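Q: Note that the protein sequences, when read in sequence, are chains A and B.
The first sequence begins at 1 in my numbering and counts up by one.
The second sequence begins at 1 in my numbering and counts up by one.
Protein chains: 2
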Amino acid sequence: MTAYPDSLSRLVESLKRLPGIGTKTAERLAFHLIKLSDEDAMDLARAIRDVKQNLTKCSVCFNFTERDPCPICADAQRDKSIVCVVEQPKDLMAFEKAGAFKGVYHCLLGHIALLEGIGPEDLTIDALLKRARQGGIREIILATNPDLEGEGTAVYLRDALAEVAKQKGIRLTRIARGVPAGAEIENVSSAILSDALSGRQTFGG
Amino acid sequence: MTAYPDSLSRLVESLKRLPGIGTKTAERLAFHLIKLSDEDAMDLARAIRDVKQNLTKCSVCFNFTERDPCPICADAQRDKSIVCVVEQPKDLMAFEKAGAFKGVYHCLLGHIALLEGIGPEDLTIDALLKRARQGGIREIILATNPDLEGEGTAVYLRDALAEVAKQKGIRLTRIARGVPAGAEIENVSSAILSDALSGRQTFGG
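(1) What did DSSP end up calling A:T65 once you bin it into helix, strand or coil?
(2) Cβ of B:A196 within 8 Å of Cβ of B:V164?
(3) Here's the rule I'm using: 16 or more other beta-carbon atoms within 10 Å means buried, otherwise exposed. How should A:L148 be labelled?
(4) Are the CB atoms of A:F62 and A:L55 nearer to each other than 8 Å?
(5) Going by C-alpha distance, which of A:I34, A:A30, A:E13 and A:V85 is nearest A:V60?
(6) Would you tell me roughly how many angstroms separate the C-alpha atoms of B:G199 and B:I112, rounded to the nearest one?
(7) So for A:L197, helix, strand or coil by DSSP?
(8) Which partner residues does A:R174 have in the DSSP bridge list?
(9) Should B:Y105 be flagged as near chain A, meaning a C-beta pair shorter than 8 Å?
(10) Could you give the residue range of the beta strand (DSSP E) that holds B:H106?
(11) Measure the beta-carbon distance from A:I82 to A:G103 and round it to whole angstroms, keeping in mind my assumption that it falls under 8 Å.
(12) Can you give me the C-alpha to C-alpha distance between B:T23 and B:L115, rounded to a whole angstrom?
(13) Checking contacts by CB at 8 Å: is B:M1 closer than that to chain A?
(14) Leaving aside the five residues before and after A:I21 along the sequence, list all residues of the same chain whose C-beta is less than 8 Å from its C-beta, in chain order.
(15) Check the Cβ of A:L55 against every Cβ in chain B and list those closer than 8 Å, keeping chain order.
(16) From the beta carbon of B:L18, is the nearest beta carbon of chain A less than 8 Å away?
(17) Closer than 8 Å by C-beta to B:V12: which residues in its own chain qualify, once you throw out the five before and the five after it? Chain order, please.
(18) Do the stretch 163–178 of chain A and the stretch 132–142 of chain A touch if we need at least three Cβ pairs shorter than 8 Å?
(19) What is the DSSP secondary structure of A:S81, counted as helix, strand or coil?
(20) Quick check on DSSP: helix, strand or coil for A:A74?
(21) For the alpha helix (DSSP H) containing B:H32, name the first residue and the last one.
(22) B:V51 touches chain A at which residues, Cβ-Cβ below 9 Å?
(23) Does A:D38 come within less than 8 Å of chain B when only Cβ atoms are used?
(24) Along chain A, which residues have their Cβ under 7 Å away from the Cβ of B:F64?
(25) How is B:I118 classed by DSSP in three states: helix, strand or coil?
Structure below.
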């Protein structure tokens with residue numbers, strides 16, 4: 001087998017360090033990159049460098065930001081008394097895109113997954129407890145993913161926050177589970193339908 | 001909607017210029033890139049820059065290379081009298097990985113697709129005709145893809161090469177179509193089975 005040219009091999013090896021990218025995908029991406037215009041390729045190389053050099057974590061909510069605190073935490077218009085707790089900055093971005101939330105956030109930077117060796121101490125839970133103890137918060141919404149690890153993390157947070165919530169009068173809530181907007185009942189899983197039934201609410205009357 | 005931090009937006013925009021990468025995939029890749037170690041991220045940025053700066057096309061076969069002619073064309077051990085014509089350098093790499101071919105190559109850099117505005121003049125067909133006319137070639141294997149465009153391109157090449165092939169005594173061949181090694185007959189498509197039947201060869205006796 002004749003090897004790839006050196007610079008191409010190095011590019012494929014670099015791409016393979018991205019999570020979830022195997023040899024085949026790395027090779028396909030590399031061939032795409034070769035075909036980019038020089039300008040677009042240089043832009044991308046610069047963008048990768050810039051993002052590593054400029055992006056830091058907000059010391060309040062742990063969102064990615066170029067300024068600390070981040071624009072959301074620094075925004076006087078946001079309601080600091082409601083904190084939405086998410087697993088990752090990308091979950092925060094999803095809520096921001098939905099535009100339905102005007103409070104502030106707390107990014108855990110992961111979820112508890114003991115089998116993978118991720119315990120509560122690997123997340124930003126201590127910082128969340130500290131925020132709760134400082135006062136001024138009336139609700140903490142647990143918005144971890146509706147999956148095994150996300151639910152487990154929500155249960156852990158509920159217990160960890162119980163004492164300070166009682167002391168400070170903070171309401172702990174969990175985002176609703178149910179049928180997703182736009183779905184057809186006949187096509188959703190029974191787990192979703194069970195959630196939708198057990199979470200049913202009074203309607204009119 | 002609160003925008004991404006600037007450097008993150010620029011990274012997402014840069015990634016979206018890659019063919020076949022939409023907003024969702026670009027965002028997922030960007031979040032992966034943020035999580036890379038500083039060293040791995042800088043390596044990737046450097047690898048992208050290097051590949052654009054160092055990689056050129058072989059003036060003989062149009063494979064990607066850092067030296068001209070490429071290591072395959074420059075290799076005295078390779079049989080220059082058999083030329084395998086492929087669509088893209090990645091097809092050449094696939095043949096090299098298979099290790100079954102000891103001749104040299106010619107990369108067309110695409111296939112004829114008139115509906116997409118890609119005509120014969122957009123490929124390296126003139127250079128292939130020139131190589132054929134220079135002499136020293138006894139066989140040209142047409143190894144374009146076994147799909148509509150690849151077959152069409154092979155037919156076009158057969159006609160375009162007919163005259164010089166006759167003059168110079170060059171044999172034109174096409175790679176075999178049939179059942180893929182390792183496949184189960186019951187699971188392959190009828191198009192594949194038709195190919196396998198019409199291409200059948202004498203076996204023993």
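Note that CB positions come from ideal geometry on N, CA and C, so glycine has one too.
Predicted, not measured: the structure shown is a model, and the values here were computed from it.
A: If we stick to the structure as given:
(1) strand
(2) no
(3) exposed
(4) no
(5) A:V85
(6) 25 Å
(7) helix
(8) A:L142
(9) no
(10) G103 to C107
(11) 3 Å
(12) 27 Å
(13) Interpretation of B:M1 is limited by its pLDDT of 44, a score under 50 that renders its predicted location unreliable; no figure is taken from the coordinates.
(14) L15 and L29
(15) P5, S7, L8 and I34
(16) yes
(17) Y4, T23, A26, E27 and A30
(18) yes
(19) strand
(20) coil
(21) T23 to K35
(22) P5, S7, L8, R10, L11, A30, L33, I34 and A41
(23) yes
(24) P5, L8 and I34
(25) strand
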